[in-house]
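Chains as they are written, first to last, in my numbering: chain A, 10 to 243; chain B, 2 to 242. Working notes, structure below.
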Amino acid sequence: MPSDSGAFVTALNLILGLDPDLLNIVALSLQVSLTAVALATLIGLPLGAALALWRFPGHGVLVVALNALMGLPPVVAGLCVYLLLSRAGPLGELGLLFTPTAMVVAQLVLVLPIIAALARQQVEELHQEYREQLTSLGLSRLRMIPTLLWDARLGLVTVVLAGFGRASAEVGAVMIVGGNIDGVTRVMTTAIVLETSKGDLPLALGLGIVLLGLVALVNAGAYLVGETSRRKLG
Amino acid sequence: MNDMTTLSITETPALELHGVSFTHRGQRLLGPLDLRLTGCRRTLVMGPNGAGKSLLMRLAHGLLAPSAGRVDWQGRTPRQAMVFQRPVLLKRSALANLTYALAVNGTPRPERRARAREALERFGLAALEKRPARVLSGGEQQRLALARAWLLDPEVLFLDEPTSALDPAAIKAVEDAVQEFHCRGTRILMSSHDLHQARRLADEVLFLNAGRLIEHTDAATFFTAPASKEARAFIRGELVL
């Protein structure tokens, strides 16, 4: 135990001292996960809304598949992206393997199903309520999408947060396609794994604290935004 | 769009329903019925719950497609709007709900605010323009829905039991609004099961029972000498089963 509490103090020193290694890792983690979540939001929200509004043959299969992909193990997502980007793979010529871009792609694969599937549920519920009024106003289904997404915005903030939680917490996918290269593709989760196995508990613990803090901060921000607009909009 | 006089002079096309019926899960809920509505009259759709009043309005407005038969506008499809029993308002301010409707029908952006404010004023909602529409009272929400319909300048206005959840003051406001639409030359098709309301508003009555159109007569005739025994019972206030 004494060594553990020593590790905790050293961890705090690293954080408060703005250790450059620590900062680099944190910055890259945020860059990768936020980019992945932003892309997944841009694609996933309209995709989920479209699935909520249109019925076509195979619709049910697609919805079930999307829901199932929410539970896709990160290592499997990482493996798929690895095969795609590896030198012998179909996209091997791009030379993206072991770059932050590859990590963004892998996290996008993980986060997109979550955002699309949950957005579909939210939009479908709202559409039930709005359908007759919007049809009466003369809106086509395509033109309903922005209206429904905007009016579902309070719920969708939580959806995007769920996506961010998944992206920032996963380790398997970025480990496989990023390779945990020091200063290039090392992010908080992969660094924690490495430092723990090396026995450098202070850095691992410091990163863990930062990771927790960031996730808590993002969630608190979203909660505040949600609560104020909920009170404002009824 | 600015020249309102030419708009009111062009005649609203007649609405014809030919053998229209609506079936859901093998059960026929409405029809088959034939119907012709013309002019700028106020037509009250009456009948007990489940008679098919709402269905008839939704079929006429085009929210539902008939299972058989056809709904025909003679010549062209007129501008229409519908006010529902429970107003469906968007999660934004009262004013934004109105500018939204104007945006949808293609009103140029610079005109939207002024026209929306005008409509709020007309329906006594000017003080509430910044309030979120969803936190307004039931009566205010229904007035906002009417203001939205007003901005669409409909030639035909459908109202599906618009007052059934409101208190007397709010009912009065809705009925006044209906009269304003009427004065503007809008054809009104409104369902209600309130006989007093029907007497106040109706030029003619469609009486439905169990999915069938029993009577289509002038209001005066309907309230004094209804032809069917169902309508006689309904007017006497008996339970029509």
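Ideal placement from N, C-alpha and C gives every residue a C-beta, glycine not left out. Bear in mind the structure is a predicted one, so any value in this text is a computation, not a measurement.
Hey, T44/B and I189/B are a contact pair by Cβ (cut 8 angstroms); roughly how many whole angstroms apart?
T44/B to I189/B, Cβ: 7 angstroms. Contact.
So that I know if they touch, is there some Cβ in chain A lying closer than 8 angstroms to that of L129/B?
Residue-level contact check: L129/B does not touch chain A, since none of the beta carbons of chain A fall below 8 angstroms from its beta carbon.
Taking the beta carbon of K230/B as the centre, do at least 16 other beta carbons fall within 10 Å, making it buried, or is it exposed?
Note on K230/B: under 16 other CB atoms within 10 angstroms of its CB, so exposed under the neighbour-count rule.
Between which two residues does the beta strand (DSSP E) holding A69/B run?
A69/B: member of the beta strand (DSSP E) spanning 69-74, first to last residue.
Could you check whether the Cβ of A166/B sits closer than 8 angstroms to any Cβ belonging to chain A?
Answer no: the Cβ-Cβ gap between A166/B and chain A never drops below 8 angstroms.
Report the neighbours of V46/B on chain A: residues whose CB is nearer than 7 angstroms to its CB, in chain order.
By Cβ distance, chain A contributes nothing, its closest Cβ being about 17 angstroms from V46/B, past 7 angstroms.
Would you mind giving the Cβ-Cβ distance between A126/A and G57/A, rounded to the nearest angstrom? I have them listed as a contact below 8 angstroms.
Your pair A126/A and G57/A checks out as a contact, with CB atoms roughly 7 angstroms apart and the cut at 8 angstroms.
Based on the DSSP output, what are the partners of T24/B in its beta bridges?
Note: T24/B sits in a beta bridge opposite R29/B.
Residue closest to P109/A, alpha-carbon to alpha-carbon, out of V186/A, V219/A, L48/A, L210/A:
If you compare the alpha carbons of V186/A, V219/A, L48/A, L210/A with that of P109/A, the shortest gap goes to V186/A.
R64/A to H25/B, Cα distance in whole Å?
Looking at the backbone, the Cα of R64/A and that of H25/B are separated by about 19 angstroms.
Under 7 angstroms from the C-beta of V175/B: neighbouring residues of chain A:
Within 7 angstroms Cβ-Cβ: nothing; V175/B doesn't reach chain A, min ~17 angstroms.
Which bits of chain B does T144/A rub up against, with CB to CB less than 7 angstroms?
Going along chain B in sequence order, the residues near T144/A (Cβ under 7 angstroms) are L64.
Counting pairs of Cβ atoms below 8 angstroms between the stretch 137-153 of chain A and the stretch 73-84 of chain A, do you hit three or more?
Three or more Cβ pairs closer than 8 angstroms define a contact, and the stretch 137-153 of chain A falls short of that threshold against the stretch 73-84 of chain A.
Local Cβ density within 10 Å of Y232/A, reported as buried at 16 or more and exposed below that:
Note on Y232/A: under 16 other CB atoms within 10 angstroms of its CB, so exposed under the neighbour-count rule.
Just to confirm, is the Cβ distance from L99/B to A148/B under 8 angstroms?
Cβ atoms of L99/B and A148/B: closer than 8 angstroms.
Look at the Cβ atom of H62/B, then the Cβ atom of F159/B, and state whether they are nearer than 8 angstroms.
A contact, by the Cβ cut-off of 8 angstroms.
Return yes when the Cβ of D161/B is within less than 8 angstroms of the Cβ of S192/B, no when it is not.
Contact: yes.
Apply the 10 Å Cβ neighbour rule to P187/B and answer buried if 16 or more other Cβ atoms are within range, or exposed otherwise.
First, the amino acid is wrong: residue 187/B is Thr here, not Pro. Result: buried.
Given R144/B as reference, the closest of P14/B, G238/B, V89/B, R213/B once Cα atoms are compared
When only C-alpha atoms are compared, the closest one is V89/B.
Please say whether G87/A and M184/A have beta carbons closer to each other than 8 angstroms?
Taking the C-beta atoms as reference points, G87/A is found nearer than 8 angstroms to M184/A.
Three-way DSSP call (helix, strand, coil) for F243/B in this model:
Since the displayed chain B opens at 2 and closes at 242, residue 243/B lies outside it and no answer follows.
Which chain A residues are close to M83/B, counting only those with a beta carbon under 7 angstroms from its beta carbon?
The contacting residues are S145.
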